[in-house]
Structures are given as C-alpha cells and as structure tokens.
Amino acid sequence: MGQPPAFSAAARRAVWPQYLLPRRALTQWAGWVAGARGGAVTTALIRAFVRRYGVDMGEAAEPDPARYSSFNEFFTRALKTGARPLAAADWLCPVDGAISAFGSLDEGRLLQAKGHSYSATALLGGDAELAAGFAGGSFATLYLSPRDYHRIHMPAAGRLRRMVHVPGDLFSVNPTTARGVPGLFARNERVICVFEAGAGAPGPFVMVLVGATIVGSMATVWHGVVNPPRPGVVRHWSYEQDAPHLARGAEMGRFLLGSTVVLLLPPGPLAFDPAWAPGAAIRVGQAMARRA
C-alpha cells in the first residue's frame with residue numbers, strides 16, 4: 007500500500023479543539039446524566055433529543071418518551087417486532103447507521119478516510135496473530151449517529167471465542183474526525199469480540215465496538231456492561247466452555263450513546279451489496295455482502 011499521505015492541515019484544524027477538551031471527564035459526566043432517573047427532567051431531555059435529531063419513535067417498541075425512566079433506556083430502546091427483517095445474504099448489516107468505509111484488507115490495512123489507512127494489528131490491540139488470520143479478507147466500518155437505533159446485531163451466526171477491552175482515547179468518531187485524527191479507530195477505547203463461524207455461517211469474523219467522546223459505556227448480551235470500569239489496562243476474556251452461540255441477526259451488544267462498529271471478515275472472494283457506498287444509510291438486517 008505504501009506510505010499514506012499526511013492528514014491535511016484543513017482536516018487537522020477541524021478537529022484540533024477535541025485535543026483540548028477533557029474527553030474522559032466529559033464521557034464520565036455524560037454517563038452519569040444518561041443513567042440518572044430524573045423523572046420529568048429525564049422526559050424533557052428525551053423529548054428535546056427526539057426533536058433535535060429527528061428520532062423516529064414510531065418504530066420503537068415503546069414510542070412514548072415519558073415511559074423511559076432514564077436516557078439510557080431510551081437510547082438503547084428496542085424496536086417493534088418485525089421492524090428489521092433479515093435479508094437473504096451471507097453477511098447482514100449489524101447496525102443502523104451509515105457506511106464509513108469498506109473493502110478488502112490491503113496488506114493488512116483498513117481504509118479510514120480517503121488516502122488514509124491503519125493496520126488491523128493496531129485495531130486488534132497489537133494482536134498480530136489474530137490480524138494475520140484475516141489477511142486477504144475484508145472490512146466494513148459503520149458509523150452510528152445519535153438518531154440511530156443503538157443495539158448491535160450479529161452479521162452471521164457465530165460462537166464467541168474471546169473478548170478484549172482495549173483502553174484508549176475518546177475522540178469523536180464522526181466523519182470529520184475520521185478525516186483529521188490519524189489511526190482514529192485503533193486509537194480510541196474499544197471492545198474486540200472474536201467469533202468462530204456458527205451453523206451455516208460463511209466464516210470466522212471479528213466485531214470491534216469503538217468508543218468515543220460521551221459514549222458512557224459499551225455492553226454485550228453475554229457480559230453486560232464492559233466499561234466502566236476503565237482500569238487503564240487491556241482486559242481479556244476467553245470462552246472455551248459454555249461459549250455463547252449467537253444466531254444470525256440476534257442482538258450481541260449495545261452502545262450507551264453513539265459510536266462505530268468495525269467488522270473484519272474472513273479471507274476469500276467477497277462481493278459487497280451493489281447499493282453500498284461511503285455515506286449511504288444502512289439498517290440492521292439488510293444485505294451487506296455475499297461470498298463471490
């Protein structure tokens with residue numbers, strides 16, 4: 007791939023205020039506010055958020071903002087049954103959001119923004135052996151905006167083998183920041199989930215849940231809240247006995263406030279859906295890719 011070009015001065019200027027912000031303190035404060043059960047104050051906050059971001063409450067299992075006791079309950083709201091049908095594809099979209107980047111792992115590197123890349127090894131917390139298993143594979147980076155549904159689903163059936171919490175920074179992960187902060191997704195705090203193929207699945211895969219400014223925590227269905235705590239060291243969990251098996255399209259985790267999911271898919275010919283393009287909107291259960 008060669009040496010990527012330096013990030014432009016304009017891109018760096020657009021994000022330099024983030025370097026000055028107390029990002030961790032802001033995130034801790036946001037987590038406290040989101041978890042508070044403030045009665046009428048909480049309801050007013052939710053209603054203001056719905057108006058500000060145009061959240062579609064019509065598809066929520068509970069459409070009344072007053073029925074949520076905390077902002078977190080609203081933010082991780084369930085959808086009505088049947089709101090996200092599953093397409094007939096080998097790989098499904100795991101989230102609602104927008105496509106940041108996708109393609110092949112060129113020399114073990116992922117595209118972050120036009121002309122800029124970072125290594126799979128760095129994304130995986132320095133695990134070169136795990137990264138090597140996806141050489142010749144594919145990746146997809148999917149951004150969840152504040153208005154989106156924030157539960158994360160399985161792109162294919164899988165059996166969990168490992169989970170790793172990697173401490174890191176807490177930059178925003180919006181497109182502007184992706185264009186201005188080198189190695190953003192390998193720099194921020196993240197939770198790495200390693201799956202082997204389940205019944206009928208096209209191969210092993212990795213799901214990386216990337217934290218961001220004011221993302222109070224990330225949670226999985228088998229563990230619960232992973233962070234906090236934030237002890238400042240890499241934490242590992244292995245699942246040999248009684249490893250969770252998750253079905254295609256099943257919920258696997260959630261963000262408490264928005265962020266990004268990065269998928270690593272196995273080596274071999276892969277055709278992403280023809281409708282896919284950077285910036286395009288996606289929804290859980292839509293076709294993502296097929297084995298070529």
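Residue numbers (my numbering): 7 to 298. Glycine is no exception: its CB is placed at the ideal position from the N, C-alpha and C atoms.
Option nearest residue i by Cα separation, candidates the options
i, options, result
"Asp175", "Tyr155, Arg196, Arg168 and Gly164", "Arg196"
"Asp102", "Ala286, Ala295, Ala298 and Arg296", "Ala286"
"Glu68", "Phe77, Ile52, Ser76 and Leu85", "Leu85"
"Val200", "Pro250, Gly206 and Phe81", "Pro250"
"Ser151", "Pro188, Ile288 and Ala293", "Ile288"
"Met160", "Ala128, Leu111 and Ala93", "Ala93"
"Ser265", "Gly274, Ala225 and Ala138", "Ala225"
"Gln189", "Pro100, Tyr124, Pro208 and Ala218", "Note that residue 189 is Gly in the sequence shown, not Gln. Gly189 has its Cα closest to that of Tyr124, out of Pro100, Tyr124, Pro208 and Ala218."
"Ala46", "Ser75, Val214, Asp62 and Arg57", "Ser75"
"Gly88", "Phe108, Pro100 and Ala66", "Ala66"
"Arg43", "Arg57, Asp62 and Phe80", "Phe80"
"Pro208", "Leu98, Arg73, Asp62 and Met63", "Leu98"
"Arg58", "Glu246, Asp154 and Ala104", "Asp154"
"Trp337", "Gly41, Phe108, Arg73 and Val56", "Nothing can be reported for residue 337, as the shown portion of the chain is limited to 7 through 298."
Per DSSP, cross-strand counterpart(s) of residue i
i, result
"Ala107", "Thr147"
"Asp112", "Arg115"
"Asp175", "Asn194"
"Met169", "Cys199 and Trp243"
"Pro153", "The residue asked about is misnamed: residue 153 is Arg in this sequence, not Pro. Arg153 is not bridged to any residue."
"Tyr124", "Leu116"
"Gly259", "Ile158 and Thr226"
"Trp97", "Ala295"
"Gly164", "Ala203 and Leu252"
"Ile288", "Gly103"
"Thr266", "Tyr149 and Val216"
"Phe211", "Phe201"
"Val231", "Ala225"
Nonlocal neighbours in the same chain, by C-beta distance under 7 Å from residue i, ignoring five residues either side
i, result
"Pro234", "Ser223"
"Ala277", "Ala295, Arg296 and Ala298"
"Arg157", "Thr82, Glu257 and Arg260"
"Ala253", "Met160 and Ala163"
"Ala128", "Gly189 and Ala192"
"Val227", "Glu257, Met258 and Gly259"
"Leu51", "Phe77"
"Val56", "Met63 and Pro71"
Sequence-distant residues of the same chain with beta carbon closer than 6 Å to residue i, five excluded per side
i, result
"Leu271", "Gly143, Ser144 and Phe211"
"Leu136", "Leu130"
"Pro280", "none"
"Gly238", "Pro173"
"Gly274", "none"
Separation of residue j from residue i, as counted between CA atoms
i, j, result
"Thr49", "Pro173", "33 Å"
"Pro91", "Gly206", "18 Å"
"Gln106", "Leu148", "Contrary to the premise, residue 106 reads as Ser rather than Gln in this sequence. Cα-Cα distance, rounded: 5 Å."
"His122", "Gly132", "19 Å"
"Asp96", "Glu202", "15 Å"
"Pro71", "Gly60", "13 Å"
"Asn78", "Ala138", "37 Å"
"Val290", "Val267", "12 Å"
"Val216", "Arg236", "14 Å"
"Ala218", "Gln118", "15 Å"
"Ala12", "Leu116", "Annotation note: pLDDT 46 at Ala12 (below 50); position unreliable, no value reported."
"Ile198", "Val214", "4 Å"
"Asp248", "Gly230", "16 Å"
"Gly255", "Pro100", "7 Å"
"Gly114", "Pro284", "20 Å"
"Val187", "Ala104", "19 Å"
"Ala293", "Gly204", "18 Å"
"Val232", "Arg73", "26 Å"
Residues of its chain near residue i, where Cβ-Cβ distance is below 8 Å and the 5 sequence neighbours each way are ignored
i, result
"Leu111", "Ala126, Phe140, Ala141, Gly142, Gly143, Ser144, Phe145 and Leu270"
"Arg53", "Pro71"
"Ala134", "Thr127"
Exercise. Can you find at least 3 beta carbon pairs, one from the region 261 to 277 and one from the region 163 to 172, that sit closer than 8 Å?
Worked result: Because the criterion of three Cβ pairs below 8 Å is not met, the region 261 to 277 and the region 163 to 172 do not touch.
Exercise. Is there contact here, the region 236 to 247 with the region 187 to 194, by at least three beta-carbon pairs under 8 Å?
Worked result: No contact exists between the region 236 to 247 and the region 187 to 194.
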